[in-house]
Structures are given as C-alpha cells and as structure tokens.
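Notes to accompany the following structure.
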Amino acid sequence: MPTEPTLDFDTIDLDTRQASALTRRAVAWLGALLLLVAASAVAMVLFLRSEEAREQDRRRTADAEWLDQTLRFHFRRLEGDLGVLALQARQTSGPVSAPPPTGPWWRDAGLVAAHGWLPAGQADLELWPAFLREAAAIEPGNAAALATMLDTTRGLQRAAYAGPLAAADGPAQQLWLAVPLFEQGRFVGDYVAAVPVDRVLAGLIPAWFLQDHRLVLDDASTPQAPTGGGARFLAPINLPGAQLGLWVEALGDQAPLAPRAFFAVALVCLAGMLLTLVALWRDIQRRQRAETRLQTQLALRTAMERSVALGLRAWDQAGHLLYANPAFGRLVGWTPQELIAHNGAPPYWPAGQGDEFEQMRSHAGDTAAPAGTELQLQHRDGHRLDVLVHSAPLALASGEVVGWVGSALDITERRRIERLAARQQELLEASGRLVAMGEVASTLAHELNQPLGALSSFANGLLNRVREQRITFEEIVPVVERMERMAEKAGRVIQRVNAFARRQDMTRLPLALRPFVARVAAGAPLPEGVALDLQLPPGDGPTVPADALLLENALHNLVLNAGEWAPRSGRTPARVRVDLVSGDGQVGVRVADSGPGVPPQQLGTIFDAFASHKPGGMGMGLAICRSIVEAHHGRIEVERSAELHGAQFTLWLPTT
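If you're matching positions, the sequence shown starts at 4 in the working numbering and goes up one per residue.
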C-alpha cells in the first residue's frame with residue numbers, strides 16, 4: 004500500500020550558504036572552461052592557417068623546382084639540336100637547307116622563331132646574319148646583350164643565353180641561345196636561335212599544369228601580368244646568361260579539403276560546447292536568482308515568526324502536528340519542539356471541547372463564520388485563554404491537499420476589556436438617564452416659564468378684582484378662557500418635551516415655512532428700540548416636514564436671543580433680521596442680529612447645556628434648539644453676519 008506523503012517543515016529552514024558557495028565555485032570553473040574553449044578555438048584557427056601557409060609554401064617550392072627542371076630539360080635538348088645543326092652548317096659551309104631534327108621544339112614551327120650559323124670570322128655586327136642584325140637593331144641594349152652572349156660562348160666554350168629581348172613583330176619577348184662549335188680546341192662558330200617565351204610556355208608546359216596555374220613572364224613591361232586574383236609567386240629559371248623569371252598564379256582554391264573539413268567539424272563541436280556552456284551559465288544564473296529569492300523569503304519568514312503575535316500550527320492528513328510557530332508556543336507556555344514531540348491529546352486543549360484536529364478541519368470549509376470561531380486553550384500553568392481560531396487546507400501547487408493549517412489569536416484581554424466596557428456602558432447609560440432627566444426638567448422649566456407666569460398673572464389679577472368686587476361675570480369669562488388656553492399650551496409643551504426627552508416619534512407634518520416664520524418672528528416680544536426685519540419670499544415658500552410646536556419653540560428662542568443681544572453693540576439702529584435660504588435639498592431659517600457677535604473662543608461651547616454667556620441665563624436655550632433641529636434630521640450653524648456684523652444662526656431643515 005502506498006503511504007501518504009509527509010511534509011518536512013524543517014526543509015524550510017535549510018541553510019543555502021553552502022549551496023551558494025558551491026554555485027560560485029561552479030561559476031568560476033565554468034568561466035575558466037569558457038576561456039579554455041575560446042583559446043582552443045583561436046589556437047586551432049592559427050594552427051590551421053599556419054599549416055595551410057606551410058603547405059602552400061611547400062607546393063610553391065615544388066612547382067618552382069618542377070618548372071625550372073622542366074624548362075632546363077627542354078632547353079638542354081634545344082642546345083643539343085642546335086649543336087647538330089652547327090655541325091651540319093660547318094660541313095656545308097653555308098646555310099642549312101636540310102629539315103631540322105625532330106623533337107618537341109620542331110613539331111611546332113612557332114617554337115623556334117629564327118636560327119642560323121655565325122662563323123668565327125664574322126664577330127663584328129656588320130657581318131652578322133640578317134635575322135641577328137634585325138634583333139640587335141630593335142632596342143639599344145639588344146646588340147650588347149647578343150654580343151655578350153657570343154663572347155661567352157667563345158670564352159667559356161659552352162652554350163649561352165641572352166634576354167628575354169623584345170621581338171620585331173610585337174611585344175612578345177624572345178630568348179636567344181648560342182651554341183659554340185670547336186674543332187681540335189679551335190673556335191669555329193656559333194649556331195644562334197631565338198625562341199618566343201610565351202610560345203615556349205604554351206607548347207612545352209603540360210596541359211594538366213596549365214589547368215591549375217597561369218604562367219606570365221616576369222618583365223618590366225608587364226609588371227601586373229597576373230590578373231586572376233589568386234595567390235602567386237615568382238619561379239626563377241636558371242639559364243646561363245639569361246635572367247628568366249616566371250610568375251606562377253594558382254587558379255582556384257588550392258587549400259586541402261581534409262584539414263578544413265576537420266576544422267569545420269571541430270568548430271561545430273566547439274560551438275555546440277559553447278552553447279551548452281552558455282545554457283549552463285544561464286541555468287546557474289537562474290539558480291542563483293532563485294537562491295537569492297529563497298534566502299529573502301527565509302529571512303522574511305524568520306522575521307515574521309519572531310514578530311507575529313498570531314499562533315500558527317500545521318497538521319498532516321492523519322492529524323499529526325507537524326509545525327508550531329514560536330508565537331503559539333508563547334501563547335500556551337510550551338515550546339514548539341515539545342508540542343511536536345508530544346503524543347496523544349494536545350496538552351493545551353481543554354477537555355470537553357472535542358477533538359482539536361476535527362474541529363480545525365470542519366471549520367476550514369465553514370463559510371457561515373468567516374470571522375473565525377471562538378474557543379478556549381489551556382496554558383501550561385492551568386489558566387484558560389480565549390482565542391479566535393481560523394483554519395485552511397494546506398495544498399500543493401497541483402491542488403492536492405496534504406494537510407491543514409490553523410491560527411489562534413489570543414482575545415482574552417479583548418474579552419476582558421469588552422466586559423469592562425459593558426459595565427462602563429451600563430454606568431454611562433445610568434448617568435445618561437440622570438442627565439436626560441435633568442435636561443427634561445430644565446426644558447420644562449424653560450418652556451413653561453412664560454405660560455405659567457402668564458397664568459399666575461391672570462390668576463392674581465382676577466383674584467384681586469373678585470375680592471374688591473370690581474369685576475362682572477361677563478368680564479370673568481374672557482379671562483378664564485385665556486387662562487384655559489394658556490393651561491392647554493402648557494400641557495402641550497409638557498407632552499412634546501416629554502416625548503422629545505424619551506426620543507419618541509414626533510408628529511412631523513408638512514409645514515409652510517413662510518407664514519410659520521412670519522407668525523413666530525412677529526409674535527416674539529423684542530425689547531424696545533429693536534427693529535424686526537423680515538425678508539421672506541412671496542407666497543407660502545418652501546414646505547418641510549416638521550413638528551410645528553417644537554420648531555416654534557426653537558425659532559422663538561433664537562429670535563428672543565437675537566433681540567436681547569442686538570442693542571449691546573452700540574450700533575444704531577439695533578436690528579434683528581429673519582430670512583429664508585436654500586441649498587443642496589435643504590432650506591434654512593436664518594436669524595441675524597446687529598449685536599457684538601459670538602467670540603471665536605465660545606464657538607465650540609455655545610450649544611453645550613448649562614453653558615450660559617448671558618447674565619441670569621440657564622444655558623439651556625441653544626442646547627434645546629440644537630436638540631430640536633437634530634430631531635428633525637437637520638443642523639444648526641452659527642457664524643458672523645456679513646451685513647449686520649453680529650451673530651447669525653441658521654436652522655437647516657431637510658425638505659423631505
């Protein structure tokens with residue numbers, strides 16, 4: 004049966020420094036090998052060029068020696084033929100009329116351009132044969148060269164050569180040869196012949212040699228004769244008395260094929276080796292980059308393990324603990340090595356919570372609790388810890404699940420703080436209820452002050468007139484009716500304030516602001532000398548949903564405050580202006596005065612309860628106004644009036 008693969012988490016902590024050192028040494032050897040390969044290629048190229056140059060020099064030397072021997076062999080045969088003709092001429096004492104001897108020189112009539120006998124007594128130029136005088140007259144130096152040739156034959160008693168000399172029939176060069184004849188030690192005469200060099204080269208050199216070479220006479224008149232573009236060399240021909248040299252030009256590629264083929268194969272092998280080395284170099288570079296990234300990841304993982312406060316664990320498929328980070332060990336009071344080596348139930352798992360591994364595996368696919376599951380762990384010293392656990396499958400790149408990973412976050416302190424916060428919240432709510440009761444009482448006192456004062460005045464006046472019997476029944480009825488209306492208004496105030504204090508739903512009905520603002524502002528008792536300036540649009544104006552009674556109290560309070568502060572700046576006339584503004588789906592009721600305005604240091608506390616800046620004030624008026632406006636989902640703003648230069652309050656109310 005195949006066993007399930009197990010994970011070795013210790014491999015994550017492998018030290019790659021040794022592998023990096025081996026890689027660096029391998030890179031150094033690889034560089035040295037690349038240099039060796041390059042040096043071998045250069046050495047092979049130089050060696051092949053040297054061998055080809057040596058082989059070419061050897062071939063040139065052999066060709067030059069072969070040409071020298073071949074031409075000298077043919078000229079020695081010509082010397083022999085001319086010696087025979089000299090004997091014939093001596094015997095006939097005149098021109099030779101018999102046909103020349105057979106041989107390579109005489110098969111082609113053009114090989115020997117001219118020949119004739121020159122007796123010993125005709126050494127002067129005027130006595131030379133006609134063909135010899137014509138050759139001497141072509142160029143100034145020809146006569147001297149021919150005379151030297153004839154003198155050499157008499158003095159050295161051997162054949163002599165002259166030339167190459169220019170011919171009379173064109174630019175072709177001729178080589179002159181004189182063969183002496185001696186009888187009993189006495190010079191008898193010379194047999195002289197002229198041969199054209201170009202015909203000699205074309206007729207006596209084998210065709211197989213001329214297929215691969217071009218021969219050109221080395222002459223000052225034709226210095227650039229070789230025009231094939233191939234490699235050429237000068238082959239000297241050793242003839243006595245003649246300076247004969249031939250330019251030999253190789254036709255086609257004379258380099259041997261076998262060494263080049265061997266070099267091509269070796270070069271292909273070296274190129275393949277070089278490509279292999281380059282591929283190996285690139286692979287080593289990729290491995291070095293991978294090792295660098297691995298070292299970075301290891302350093303990052305080690306730093307995270309040392310700094311993270313989240314406890315991590317990992318299990319294999321069978322539920323064996325494979326890994327625990329130091330944070331989890333600090334959490335439960337056990338070292339990770341002790342937890343991994345422990346057999347049986349985990350020592351940190353309290354009894355009664357079931358099997359830890361099964362719970363981790365079941366919670367891994369639980370989408371109903373994405374925030375995690377709250378459990379308890381037991382510390383080594385015995386106290387319990389509240390933790391928030393998460394779990395997830397440990398999968399390979401192929402998607403195969405090979406284990407499970409769980410995290411544990413200590414929330415013991417958070418739970419303690421939450422319980423403490425809950426108790427503090429209870430205390431705050433109790434304090435809030437007391438504050439609310441005080442606010443309700445203050446509001447009632449503030450709002451009922453006017454109706455109760457009016458009732459008291461009406462009651463005292465009515466009682467005094469009844470005691471004095473100065474009032475009739477018809478006069479009593481209107482007074483009692485007004486007292487009834489004031490009492491009803493006081494009752495409604497009590498009901499609204501009570502509902503507002505309990506945050507109950509208000510009765511919000513559509514309210515036309517223009518007539519409402521005009522009625523409330525006009526009904527506010529302003530001090531003497533303070534003018535009311537109403538700047539309201541024609542018609543009913545905008546409509547807002549509002550509780551008319553509460554909103555009337557807020558607006559009434561703002562107009563009264565403006566009337567009290569307007570004359571305190573000393574500017575005349577003292578004015579209170581009320582108008583309507585709109586913007587962003589809201590409508591504002593703006594109340595401005597010509598008073599001194601609100602000091603900047605009081606802007607942050609002007610709406611606080613019991614913070615009064617007016618002598619004898621309770622400090623609840625503006626606080627009640629803000630509460631009423633916020634209950635209508637609006638806001639109240641305070642700023643300095645640009646026209647009246649006093650305070651300017653704006654009640655912003657939503658239109659829907």
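A virtual CB, placed ideally from N, CA and C, is assigned to each residue, including glycine.
Of the residues the options, the one placed nearest residue i, counting alpha carbons only
| i | options | result |
| --- | --- | --- |
| G188 | R161, G385, L178 | R161 |
| A317 | G158, H382, V404, R333 | V404 |
| A493 | L553, R473, V40 | L553 |
| P2 | A210, Q91, L204 | Past the boundaries of the shown model lies residue 2; the chain is included only from 4 to 659, so the question cannot be answered. |
| P3 | D71, M489, G544, L391 | The chain is shown from 4 up to 659; residue 3 falls before or after that span and cannot be answered. |
| A274 | S459, A46, V40 | V40 |
| L283 | L625, L37, G588, P541 | L37 |
| D84 | T510, G119, A46, P396 | G119 |
| A147 | L207, R485, G166 | G166 |
| Q288 | A31, S410, E642 | A31 |
| N556 | C628, P513, Q320, L512 | C628 |
| D60 | G192, R235, C272 | R235 |
| L412 | Q605, V392, L397 | V392 |
| V408 | G322, E484, G464 | G322 |
| A395 | A551, G526, T376 | T376 |
| L70 | Q176, N145, Y194, L207 | L207 |
| T151 | G244, R304, L237, L529 | G244 |
| P329 | E68, A293, R304 | R304 |
| R290 | A634, G591, R27 | R27 |
| A29 | W109, V219, V268, D286 | D286 |
| R364 | A354, W337, S410 | S410 |
| V219 | Y194, F331, Q176, W211 | Q176 |
With 16 other Cβ atoms within 10 Å as the buried cut-off, status of residue i
| i | result |
| --- | --- |
| R580 | buried |
| I240 | buried |
| Q651 | buried |
| L128 | exposed |
| A439 | Here the model assigns A439 a pLDDT of 48, short of 50, so the residue's position is not dependable and the matter cannot be decided. |
| T653 | buried |
| L149 | buried |
| V251 | buried |
| P199 | buried |
| A565 | buried |
| I420 | exposed |
| H386 | exposed |
| W131 | buried |
| S630 | buried |
| T608 | exposed |
Cβ-based neighbour list, residue i, same chain, cut-off 6 Å, excluding 5 preceding and 5 following
| i | result |
| --- | --- |
| L558 | V523 |
| A327 | R316, P339, L342 |
| A595 | R580, S644, L647, Q651 |
| A196 | L85, V115, H118, L180 |
| G649 | D596, S597, G598, G600 |
| T225 | Residue placement at T225 is flagged as unreliable, the pLDDT there being 49, under the threshold of 50; a coordinate-derived value is accordingly withheld. |
| W568 | D596, G598 |
| A44 | L273 |
| T415 | L388, D389 |
Rounded Cβ spacing between residue i and residue j (contact assumed at less than 8 Å)
| i | j | result |
| --- | --- | --- |
| F78 | L242 | 6 Å |
| L51 | F185 | That belief does not hold up - the Cβ atoms of L51 and F185 are roughly 58 Å apart, past 8 Å. |
| A577 | G532 | 6 Å |
| E640 | W655 | 7 Å |
| T658 | G588 | 6 Å |
| P541 | P513 | 19 Å between Cβ atoms; not a contact. |
| R418 | D389 | 5 Å |
| E361 | W352 | Incorrect: roughly 12 Å between the Cβ atoms, too far for contact. |
| L664 | V335 | In the structure displayed, the chain extends from 4 to 659; residue 664 sits before or after that span and is not available. |
| R661 | F190 | Any question about residue 661 goes unanswered here, given that the chain covers just 4 to 659. |
| G406 | L325 | 7 Å |
| A238 | A67 | 4 Å |
Chain-order list of residues whose beta-carbon lies under 7 Å from that of residue i (same chain, five-residue window excluded)
| i | result |
| --- | --- |
| L539 | R517, V520, A521, D582, L583 |
| E491 | none |
| L537 | A521, A524, V581 |
Nonlocal neighbours in the same chain, by C-beta distance under 8 Å from residue i, ignoring five residues either side
| i | result |
| --- | --- |
| P5 | Only weak support exists for where P5 lies, its pLDDT of 44 falling under 50; the coordinates are left without a value. |
| S460 | none |
| L280 | L33, L36, L37, V40 |
| P669 | An answer regarding residue 669 cannot be provided, because it is not within the stretch 4 to 659 covered by the chain. |
In DSSP terms, what residue i is bridged to
| i | result |
| --- | --- |
| G536 | It is worth fixing the name first, because residue 536 is Asp in this sequence and not Gly. The partner list for D536 (beta bridge, DSSP) reads R580. |
| Q177 | L168, P199 |
| L218 | V251 |
| V392 | T376, A411 |
| R235 | E252 |
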